[in-house]
Amino acid sequence: MGIVVRQSLKAGIGSYLGVLVGVINQMYVSTEFLSVEQYALSRILFENSLLFASFAHLGTPFIVDRYFSLFRNDEEKHGGILSFLLMLPLVGVVLFALVYWLFTPLIVGYFSKNSALLVDYHFLVIPLTVFWIYITVLDAYCRNNSRISVPMFIREVYLRVANVLLVIIFGVGWVSFDWMLYLIIAAYGFAVVLLIIYIIILGKGYWRWPDRTILTRPLFKQMLGYGCFTVLGALGVNVILFIDRTMLAGERDLVNAGIFIVASYMASVIEIPRKALAQISIPILTQHLRNEDFVQLEKMNRKTALHLLLSGGLVFLLIWVNIDDIFYLLPKSNVYGEGKYVVLFLLITKLFDMAAGLNTEIILYSKYYRMATWIIIFTALLGFFLNLWLISSYGFIGAAIATSFTTLVYSALRVGYIKCRFDISPYSPKSIQILVVFGVVFLLSYLVPAHSQTPLMAMVWIVIRTGVVCGLLGFYVWKWRISEEVNGLIDKVLARFK
């Protein structure tokens, strides 16, 4: 367990450092040095590469997670599974490139009227997709060799730092916009090289033909079937996450897409605590599912949902009570500030989803995992048609409404399915208490007087409001004893001042 703890700690540090670099890049560096159109273009290229990679890799990362244990044997060079993992995505890459080439006239026709700049660079999504495929595949191979910290650092820190530096280099006039994009793509290619070098240094670069005594024809068919099925789910998730900004560029323009992207990135901060809490809870959750101990499973899910609601609600309040000053401090605030209510819609939706607890994980790690994919596919289709309808009429506000409604349906379906299948609900009377506390703190925060907007005053009032919200929320949560864990933490802090 020592290596797991060390790797998890290092990965956690890398993850939060990556989040910090990402916030600086997306909220300040890119918005400062790139025009709104250039910013939107760069994000759409990257996010579409994630979308395309989610099916072009043919489920290879999921295959290695599920089947690596069958091949694990250093003396036998892991049965040649690394060679298999590198060859299988090549098939997907060729198919993807062919399909993209066939659909190029439709792509150009869709974006040429409102987002001509995207037409000039859309082909760059092909190499970016290829590099991202192999980053995820090699990352999965490292993960199954109990090495996650260096791949995490490459993915979360190196790529983001490289992006920041290249945007700054463009901003000071050292390279053109074209060369900035080419160099960003080259940075992703170099990430693949770094991962290969790291695997070789680990002594896990086993280059041999797959062992046919292990990779039998029936197992090969089973692996491909599993990979293709999981691809549907991964594709659906990425459609839900990224289709709105691409459709904004096609139906409206890149300015609308840029405003929406900044607002959605701001709202996504609320989800940071969920990933960490889910990773901690998954081993316990899987054990309860394996033992069919649904009473303990419900208790754990309710406690998790409670703390996700607390942490998400705190972030919600901190962002919304400071929203005007946050946008004021952003470069090009007169443009990006139009997305204020996009942030509100998405914050409310994400908070509702967090309050539903670990519903996704419960389905995915149960024997009913296929249902998670069908729910994702349904909501992805719903999101596509809602965006098509609402964006044409209401622009980025329509995209926010479509995304919010789709996410609410997605969450409600999962909660309903778990309730019907396991008779488990994430909600408790304390959930209502928390919402009441949020409402009281939200109203009290508006008693803070208005101020004249200057950069210094904006930062000062952000600090003041943050202190007021954290103090009031902490007091009410402690006084009403909503969470034993939070109360214990507050009591320890207070004991130090006695």
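Position one of the sequence shown corresponds to residue 9 (the numbering used here), numbered consecutively onward.
Quick reminder that beta carbons are idealized off the backbone N, C-alpha and C, glycines included.
Counting every other CB atom within 10 Å of its CB across the protein chains shown gives C150 a total of 16 or more, marking it as buried. Between the alpha carbons of W217 and Y376 lies a distance of about 35 Å. Every alpha helix (DSSP H) stretch that sits fully inside the segment 304-348 and reaches 4 residues is listed by chain position as 331-337, 341-344.
Annotation for Q34: no alpha helix (DSSP H) segment contains it, and DSSP assigns it neither H nor E.
For T224, there is no enclosing alpha helix (DSSP H), as DSSP marks it with neither H nor E. Within the segment 62-130, the runs of alpha helix (DSSP H) at least 4 residues long that lie entirely inside it are, in chain order, 68-79, 89-119, 124-129.
Sorting I292, I134, M160, L136 by C-alpha distance to the C-alpha of L146 places M160 at the top. Taking the Cα of S38 as reference, the smallest distance to any Cα among I267, A408, F302 is reached at I267. Just measuring C-alpha positions, the residue of L249, A148, K121 sitting nearest E259 is K121. Here P437 is exposed: its Cβ has fewer than 16 other Cβ atoms, across all protein chains shown, within 10 Å.
With contact defined as three or more Cβ pairs closer than 8 Å, the segment 300-315 and the segment 349-367 are in contact. Within a 10 Å sphere around the beta-carbon of F393 sit fewer than 16 other beta-carbons, which makes this residue exposed. The Cβ neighbour count for N299, taken over all protein chains shown within 10 Å, is under 16; the residue is labelled exposed. 8 Å or more divides the Cβ of K358 from the Cβ of I409.
In this structure H130 is not in contact with P97, their Cβ atoms being roughly 22 Å apart against a cut-off of 8 Å. An exposed status is given to Y454, since fewer than 16 other beta-carbon atoms sit within 10 Å of its beta-carbon. Using a Cβ distance threshold of 8 Å, I383 and Y418 count as a contacting pair.
Bounds of any alpha helix (DSSP H) do not take in S433, whose DSSP letter is neither H nor E.
The beta carbon of Y336 sits closer than 6 Å to the beta carbons of Q461, A466 from its chain, once the five residues preceding and following it are set aside; these are given in chain order. When the Cα atoms are used, V29 and I385 turn out to be separated by approximately 33 Å.
In terms of Cβ geometry, R282 and A265 do not form a close pair [threshold 8 Å].
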